[in-house]
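J.: With our numbering applied, the sequence shown corresponds to residues 742 to 789, in that order.
The structure under discussion is supplied below as structure tokens; questions concerning it will follow.
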Amino acid sequence: MLTRPEGTLAAEAHSISGLLAARPRRRADDPAREPRAHAANPVLLGLA
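Written out as structure tokens, the structure is:
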């Protein structure tokens, strides 16, 4: 949510996303595990 300096709503954004496994091309069984497995520091991404 983005607000103007006086506090009124300027914009609101929503997002829906998914994660595909590289091989095979299908939805990942545990979507949280994939970025955690490849992140150098999962804590910075809020994945720990």
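Backbone N, C-alpha and C define an ideal beta-carbon position, used for all residues, glycine too.
Opposite alanine 752 in the DSSP bridges: which residues?
T.: Locating residue 752 in the sequence shown gives position 11, where the first residue counts as 1. According to DSSP, alanine 752 bridges with Leu743.
J.: Just how far apart, CA to CA, sit glutamate 753 and methionine 742?
T.: The residue labelled residue 753 in the question sits at position 12 within the sequence shown. The residue labelled residue 742 in the question sits at position 1 within the sequence shown. When rounded, the distance between both Cα atoms is 4 Å.
J.: Following the continuous alpha helix (DSSP H) through alanine 781, name the residue where it begins and the one where it ends.
T.: Start at 1 with the first residue of the sequence shown, and residue 781 comes out as number 40. Element bounds for alanine 781: n/a, residue is neither H nor E.
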